[in-house]
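**Q** Sequential numbering from 31 applies to the sequence shown in the working numbering. Even glycine gets a Cβ: it sits at the ideal position worked out from N, Cα and C. Computed from a predicted model, the values in this text were never measured in an experiment. Next up is a structure, given as structure tokens.
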Amino acid sequence: MGKPKFWDKEWETKPLKELEEEQSRRLKWMVKRAWEVPAYRAKMKEAGLKPSDIRGIGDLHKLPFTFKKDFIGNYPYGLLAVPLSEVVRIHTSSGTKGKPVVTCYTMRDFDYWMNLVARNLTSAGIGKGDVFQNTTQQAMFTGGLGYVEGAMKVGATVVPFGPASPERQLQAMKEFGTTSFHAVPSYALRLIEAMHNLGFKPKVDLKLRVGVLGAEAWTEQSRKRIEDGLQIDTYNNYGLAEAGGPGIAIECSEKTGLHFWADSFIIEIVDPETGEPLSPGEEGEIVITNLWREALPLIRYRTGDVARLLPYEKCGCGRTHPKISWIKGRLDDMVKIRGVGLYPSTIEKVLLQFPYVVGEFQLVLYGVDRVTLRVEVDKDFMKRGDLEAARREIASKIKEETLLTMDIELCEEGTLASEAGGKAKKIVDLRTL
Ligand SMILES: [Zn+2]
């Protein structure tokens, strides 16, 4: 197909030192723009800062953090650095916990954003000749239209199918000859089951070869299931509405972490309690500074997402941009049990080692730090498998990985989601009741 290896070779392979010089230049620009927004100016004044105090990335740490509450408090347009008439597009976060975060683009921002998404897709090997199907919501979610339009930019034939039952989605993939798609990982897992229900064979009934997945925490174990089940290659990508949507970080063919576009963002990892920057390799909260968006400045935004900056090394793909690890989860999703911080992704990583485990799981916390782990297993296994051995095996692996003793309860696939009337809640904390 003659796919380009890079969307923007010059920028994607620029030496790190030059990328850092660019970061310094653009940070100064961004700080000046933020100064025009009353909420940012107030914060900077409170910290005793004026724009000229920021001379480069060495001064980044002097700048105050931006929090989600700053977005909520200035809903919907309070953080704009341009008149609303200059804004050509508005998106929001999902806003499951109250008011959503509003994110805005000028025409220049929109073009810039599309080039970042095009870099992502090219990194995943998607381009002209591909039929690209989007499976996510295509309204306010940045990942929906963002990928639909980005895929057009790289020359793919785009099928904006949007949300549907996995069976209908696959049927469309078969009919349109879809080669690549964008989805959230839990949905990609459901496509495997649907494929069996429809009697489709990968590579025979389907032309799928690559999936771009993200927008929720997942693990290498679920990647293996998706890749084996659908017989595709997958690329983990990271983005969030506040920082502009997708086009922040994605894996390359080397699959050793996610390159983040360092000419366009500064990523720091900080200790979530003290806000102190951490060193590469240390796990903490991702803090993002946007370096390109004129409509909506973003300085040192506390994302609530947990990951590591990876020690810098030259990547085999030729890109020079630094990498972050996979996202371990959100700080909101972490529970402390007997002093141990636990993320749902850690449980998922353990459970997916067992082939009879399918579907959802749920941690129920009660009493003084007692934990029951409810695990959905395959229907046949529930009838004919050795359930006692399975419980022992799961409990032992969980203990090994988390140092926690849990009671294991097995239930048939579909139980947890139907109890919850849709998507199962991963953690039920009854300790405070
Ligand atoms: Zn690479």
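DSSP three-state label for residue 391, please.
**A** By one-based count along the sequence shown, residue 391 stands at place 361. Residue 391 falls in the strand class under three-state DSSP.
**Q** In its own chain, which residues sit with a C-beta less than 8 Å from the C-beta of residue 238, not counting the 5 before and 5 after it?
**A** Sequence index remark: in the sequence shown, residue 238 carries index 208 (1-based). The answer, listed in chain order, is 203, 208, 209, 210, 211, 232, 260, 261, 262.
**Q** Tell me whether the region 309-318 and the region 31-50 touch, counting them as touching only if at least three CB pairs, one residue from each stretch, are closer than 8 Å.
**A** Counting Cβ pairs under 8 Å, fewer than three are found: no touch.
**Q** What span of residues does the alpha helix (DSSP H) with residue 133 cover, start to end?
**A** The residue labelled residue 133 in the question sits at position 103 within the sequence shown. Careful: residue 133 lies outside any alpha helix (DSSP H), inside the beta strand (DSSP E) at 132-136.
**Q** Tell me residue 119's beta-bridge partners as DSSP assigns them.
**A** Here residue 119 corresponds to residue number 89 of the sequence shown, with the count starting at 1. Looking at the DSSP assignment, residue 119 forms a beta bridge with 135.
**Q** Nearest-angstrom Cα distance between residue 365 and residue 125?
**A** As a first step, residue 365 must be located in the sequence shown, where it is residue number 335. As a first step, residue 125 must be located in the sequence shown, where it is residue number 95. Each residue's alpha carbon lies about 21 Å from the other.
**Q** Find the nearest neighbour of residue 16 within the set 108, 353, 325, 305, judged by alpha-carbon distance.
**A** Residue 16 lies beyond the range of the chain shown here (31 to 463); nothing can be said about it.
**Q** Can you tell me which of the three DSSP states residue 294 falls into?
**A** For this step, residue 294 is matched to residue 264 along the sequence shown. Here residue 294 sits in coil by DSSP.
**Q** Anyone know if the C-beta pair for residue 133 and residue 271 falls short of 8 Å?
**A** Residue numbering aside, residue 133 sits at position 103 when the sequence shown is read from its first letter. Residue numbering aside, residue 271 sits at position 241 when the sequence shown is read from its first letter. Cβ distance < 8 Å, so residue 133 and residue 271 count as in contact.
**Q** Can you say whether residue 32 is buried or exposed, counting buried as having 16 or more other CB atoms within 10 angstroms of its CB?
**A** Translated into positions along the sequence shown, residue 32 becomes position 2. Below a pLDDT of 50, predicted positions are generally treated as unreliable, and residue 32, at 48, falls in that range; the measurement from the model is reported next regardless. The residue is exposed, with fewer than 16 neighbouring Cβ atoms inside 10 Å.
**Q** Give a yes or no on whether the C-beta atoms belonging to residue 188 and residue 171 are separated by under 8 Å.
**A** In the sequence shown, the residue the question calls residue 188 occupies position 158. In the sequence shown, the residue the question calls residue 171 occupies position 141. No, the Cβ-Cβ distance between residue 188 and residue 171 is not below 8 Å.
**Q** Within a Cβ cutoff of 8 Å, which residues of the same chain sit near residue 192, ignoring the five residues on either side of it in sequence?
**A** As a first step, residue 192 is located in the sequence shown; it is residue number 162 there, counting from the start. Contacts found: 164, 165, 166, 167, 168, 174.
**Q** With a cut-off of 5 Å, give the chain-ordered residues whose Cβ is closer than this to any heavy atom of ligand 1.
**A** In chain order, the qualifying residues are 282, 284, 345, 347, 349.
**Q** Count Cβ pairs between the region 152-159 and the region 275-290 that sit closer than 8 Å; are there 3 or more?
**A** Taking 8 Å as the limit for Cβ pairs, the verdict is that the region 275-290 does touch the region 152-159.
**Q** If distances are taken between C-alpha atoms only, which option among 329, 419, 397 comes closest to residue 100?
**A** Locating residue 100 in the sequence shown gives position 70, where the first residue counts as 1. Nearest of 329, 419, 397 to residue 100, Cα basis: 329.
**Q** Contact check, residue 446 vs residue 396 under 8 Å by CB: the rounded distance?
**A** Your numbering for residue 446 matches position 416 in the sequence shown. Your numbering for residue 396 matches position 366 in the sequence shown. Contact doesn't hold; Cβ gap of about 17 Å is too wide.
**Q** In three-state DSSP terms, what is residue 91?
**A** Reading the sequence shown from its first residue, position 61 is the one you call residue 91. Helix, per DSSP.
**Q** Measuring only between beta-carbons, confirm whether residue 129 sits less than 8 Å from chain D.
**A** The structure shown has no chain D; it contains just one protein chain.
**Q** Just how far apart, CA to CA, sit residue 438 and residue 293?
**A** The residue given as residue 438 occupies position 408 in the sequence shown. The residue given as residue 293 occupies position 263 in the sequence shown. Using only the alpha carbons, I get a separation of about 47 Å.
**Q** So who's on the other strand from residue 163, going by DSSP bridges?
**A** Mapped onto the sequence shown, residue 163 falls at position 133. In the DSSP output, where bridge partners are listed per residue, residue 163 has 189, 211.
**Q** Can you tell me which of 251, 345, 291 puts its alpha carbon nearest to the alpha carbon of residue 387?
**A** As a working note, residue 387 is residue 357 in the sequence shown. Out of 251, 345, 291, 251 has the C-alpha closest to the C-alpha of residue 387.
**Q** If you scan the region 245-282 from start to end, which runs of the alpha helix (DSSP H) of 4 or more residues do you find wholly inside it?
**A** Those alpha helix (DSSP H) runs which fall completely within the region 245-282 and span 4+ residues are 250-260.
**Q** Compare the C-alpha of residue 78 against each of 267, 93, 284, 334 and name the closest.
**A** Translated into positions along the sequence shown, residue 78 becomes position 48. Cα-wise, what sits closest to residue 78 is 93.
**Q** Given this structure, state the Cα-to-Cα distance separating residue 228 from residue 194, to the nearest angstrom.
**A** Taking the sequence shown and counting its residues from 1, one reaches residue 228 at position 198. Taking the sequence shown and counting its residues from 1, one reaches residue 194 at position 164. Distance between the alpha carbons of residue 228 and residue 194: 15 Å.
**Q** Pick out the complete alpha helix (DSSP H) segments inside the region 354-419, 4 residues or longer, and give them in chain order.
**A** Those alpha helix (DSSP H) runs which fall completely within the region 354-419 and span 4+ residues are 374-381, 409-414.
**Q** Taking the beta carbon of residue 405 as the centre, do at least 16 other beta carbons fall within 10 Å, making it buried, or is it exposed?
**A** Against the sequence shown, residue 405 aligns to sequence position 375. So residue 405 counts as buried.
**Q** I'd like to know whether the C-beta atoms of residue 275 and residue 121 end up nearer to each other than 8 Å.
**A** Translated into positions along the sequence shown, residue 275 becomes position 245. Translated into positions along the sequence shown, residue 121 becomes position 91. Yes, they are a contact pair.
**Q** State buried or exposed for residue 137, treating a residue as buried only when at least 16 other CB atoms are found within 10 Å of its CB.
**A** The residue you call residue 137 lines up with position 107 of the sequence shown. By the neighbour-count rule (16 or more Cβ atoms within 10 Å), residue 137 is not buried but exposed.
**Q** Just the Cα atoms here: how many angstroms apart are residue 392 and residue 377?
**A** Taking the sequence shown and counting its residues from 1, one reaches residue 392 at position 362. Taking the sequence shown and counting its residues from 1, one reaches residue 377 at position 347. Whole-angstrom Cα-Cα distance: 9 Å.
**Q** Rounding to the nearest angstrom, what Cα-Cα distance links residue 442 and residue 449 in this structure?
**A** Residue numbering aside, residue 442 sits at position 412 when the sequence shown is read from its first letter. Residue numbering aside, residue 449 sits at position 419 when the sequence shown is read from its first letter. The straight-line gap from Cα to Cα measures roughly 12 Å.
**Q** To the nearest angstrom, report how far apart residue 230 and residue 416 are at their CA atoms.
**A** Within the sequence shown, residue 230 is the residue found at index 200, counting from 1. Within the sequence shown, residue 416 is the residue found at index 386, counting from 1. Residue 230 and residue 416: Cα-Cα distance of roughly 30 Å.
**Q** Buried or exposed for residue 389, please, with buried defined as at least 16 other CB atoms from any protein chain shown within 10 angstroms of its CB.
**A** Position 359 of the sequence shown holds residue 389. Classification for residue 389: buried.
**Q** Measure the beta-carbon distance from residue 318 to residue 333 and round it to whole angstroms, keeping in mind my assumption that it falls under 8 Å.
**A** On the sequence shown, residue 318 is found 288 positions in, with the first residue counted as 1. On the sequence shown, residue 333 is found 303 positions in, with the first residue counted as 1. At roughly 6 Å, the Cβ-Cβ gap stays under 8 Å, so residue 318 and residue 333 are in contact.
**Q** Do you know whose CA, among 139, 456, 242, 247, lies nearest residue 402's CA?
**A** The residue given as residue 402 occupies position 372 in the sequence shown. Closest by alpha carbon: 456.
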